[in-house]
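Numbering (my numbering), first residue to last: 2 to 297. Each remark here refers to the structure printed beneath this line.
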């Protein structure tokens with residue numbers, strides 16, 4: 002019985018010893034691993050020390066660079082202040098120049114608009130000049146026609162039997178007043194047949210303003226011998242010999258009613274061309290109407 006117990010103890014001790022040996026081996030392996038780690042750590046520490054030394058050197062270099070940079074920064078700040086002053090001055094100059102540019106652009110636009118207006122006015126003046134030249138050409142043509150009519154009428158008066166005086170002795174107003182009889186004037190100016198066949202008499206207008214009456218305050222009266230509604234002008238059978246002047250204004254009268262107004266723009270000795278200022282439709286001025294001076 003004792004032998005069995007001792008055998009069991011011996012078996013237990015052997016097992017425990019084997020276990021302890023295994024743990025011892027593990028501990029030895031751990032120690033070896035720790036030694037290897039220690040060596041590795043020592044190497045790393047050595048590297049770290051070298052790196053620390055290098056870093057300290059680098060820090061010293063950076064401090065030197067920082068000191069230099071601080072000095073440079075101070076200089077740059079000073080330069081920046083100067084640059085800021087220059088920038089402010091340049092900004093003010095820019096603002097002033099922009100204001101001048103805006104003003105010049107406005108003046109340019111105004112000048113362009115003015116040039117356009119002047120060009121339009123020039124074109125309108127050119128058109129008006131062309132129209133005026135056309136009107137003057139028409140007036141000269143009509144004046145030549147009326148002059149020929151007056152000459153023909155004077156010649157007819159000379160050849161009429163029983164004429165009281167030769168045509169050369171007639172007053173200028175009388176010769177001019179005879180034009181309506183040739184251009185279909187009213188009845189009092191028409192040529193009427195005489196008592197014998199082939200003879201004719203000429204009746205002058207009932208109102209005659211002679212040259213010697215000009216300037217006496219009496220209104221000048223004349224007959225319309227030509228009406229041009231297209232160019233709005235008329236021709237009167239009186240001229241400078243009867244006291245008509247450029248700018249004189251006339252009322253155009255028919256049957257006691259005013260049918261328009263006209264202003265003298267070109268005056269000859271026995272004829273006057275007038276611009277038709279107003280025409281009261283439907284009573285448009287016609288050949289034979291009476292023209293009476295306004296405000297003599």
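Backbone N, C-alpha and C fix where the C-beta goes; we use that ideal spot for every residue, glycine too.
- Residue state for residue 276 is assigned as strand, using DSSP reduced to three classes.
- Between the region 247-261 and the region 122-141, the count of C-beta pairs closer than 8 Å stays below three; the two stretches do not touch.
- Using a Cβ distance threshold of 8 Å, residue 285 and residue 222 do not count as a contacting pair.
- DSSP links residue 224 through a beta bridge to 291.
- Look at residue 59 here: in three-state DSSP terms it is helix.
- Contact check for residue 235 against residue 268 fails: the beta carbons are separated by 8 Å or more.
- Under the 10 Å beta carbon count, residue 26 is surrounded by fewer than 16 other beta carbons and is classified as exposed.
- Distance from the CA of residue 122 to the CA of residue 142, rounded to the nearest whole angstrom, comes to 29 Å.
- Annotation for residue 227: 143, 236 place their beta carbon closer than 6 Å to its own, counting only its chain and skipping 5 residues before and after.
- A Cβ-Cβ distance of about 11 Å is found for the pair residue 224 and residue 243, leaving them out of contact under the 8 Å criterion.
- CA-to-CA, the gap between residue 103 and residue 118 works out to about 22 Å.
- Taking all protein chains shown into account, residue 290 has 16 or more neighbouring C-beta atoms within 10 Å of its C-beta and is therefore buried.
- Here DSSP, grouped into helix, strand and coil, assigns residue 23 to helix.
- Per the C-alpha coordinates, the member of 254, 276, 272 positioned closest to residue 233 is 276.
- Contact check for residue 254 against residue 264 fails: the beta carbons are separated by 8 Å or more.
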